[in-house]
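Position one of the sequence shown corresponds to residue 20 (the working numbering), numbered consecutively onward.
Step one of this worksheet: look at the structure below.
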Amino acid sequence: MTEWNTERLVALDKQVLWHPFTNMPEWCALEHEPLVLVEGHGAILRDSRGREYIDGNSSIWTNIHGHNHTHINAAIRAQLDRVAHTSFLGFTNPPAIELAQSIVDLFPKETLTRVFYSDDGSTGVEVALRIADQYWQLRNSRRHQFIAFQNAYHGDTAGAAALGAGEMFEVGLNRWNFPA
Numbered sequence: 020m021t022e023w024n025t026e027r028l029v030a031l032d033k034q035v036l037w038h039p040f041t042n043m044p045e046w047c048a049l050e051h052e053p054l055v056l057v058e059g060h061g062a063i064l065r066d067s068r069g070r071e072y073i074d075g076n077s078s079i080w081t082n083i084h085g086h087n088h089t090h091i092n093a094a095i096r097a098q099l100d101r102v103a104h105t106s107f108l109g110f111t112n113p114p115a116i117e118l119a120q121s122i123v124d125l126f127p128k129e130t131l132t133r134v135f136y137s138d139d140g141s142t143g144v145e146v147a148l149r150i151a152d153q154y155w156q157l158r159n160s161r162r163h164q165f166i167a168f169q170n171a172y173h174g175d176t177a178g179a180a181a182l183g184a185g186e187m188f189e190v191g192l193n194r195w196n197f198p199a
């Protein structure tokens with residue numbers, strides 16, 4: 020097991036990181052010691068002091084297959100051996116093409132014909148808003164309202180937050196609110 024200097028890591032974290040949706044004065048208070056997570060296997064996370072925790076929300080819904088999944092790790096390593104990342108601006112790549120075809124094939128013909136990849140749910144919602152807005156603009160329509168759940172989390176980008184996530188996400192964004 021690797022030895023971690025938890026005190027040093029916590030002090031450095033408080034100095035150089037800004038955590039999302041976090042009251043930073045409380046986070047940086049001397050008496051607050053955040054968990055420094057260093058390892059995960061399946062649904063279990065381990066902190067720098069060796070304590071174990073159940074990852075009950077899959078690290079905010081991103082590790083639904085668990086941490087250190089053998090098959091997923093092998094596929095990621097194989098892709099990294101070819102190329103880690105390429106821009107999609109004017110370029111494409113075989114895995115993206117093949118996955119898009121597989122996704123389109125899941126739907127009845129002519130109901131889903133294209134796939135847009137996003138790196139998270141917030142930007143996915145943001146892009147969906149833009150696509151919907153552009154769709155109606157190109158048809159010279161005045162439609163500009165969106166259906167959304169009130170006081171629900173739709174994401175933390177400006178457009179997604181403006182759909183009605185509540186005060187925590189709306190502070191300073193009132194000028195961007197969409198009719199929803």
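Positions of the beta carbon are idealized from the N, C-alpha and C atoms, including for glycine.
Remark: C-beta atoms of Val146 and Ser160 do not approach each other more closely than 8 Å. Looking from the CA of Thr142, the closest CA among Gly69, His88, Ala179 and Gly61 belongs to Ala179. Inter-segment contact for the segment 111–130 and the segment 35–53 is absent: fewer than three beta-carbon pairs are separated by less than 8 Å. Between Asp32 and the set Thr41, Asn42, Trp155 and Cys47, the nearest pair of CA atoms involves Cys47. By the Cβ neighbour-count rule, Thr41 is exposed, with fewer than 16 other Cβ atoms within 10 Å of its own.
Taken through DSSP and simplified to helix, strand or coil, Ile63 comes out as strand. Rounded to the nearest angstrom, the gap between the Cα atoms of Leu131 and Ala103 is 28 Å.
In terms of Cβ geometry, Ile83 and Glu71 do not form a close pair [threshold 8 Å].
Under the DSSP assignment, Glu117 falls in the alpha helix (DSSP H) whose first and last residues are Pro113 to Asp124.
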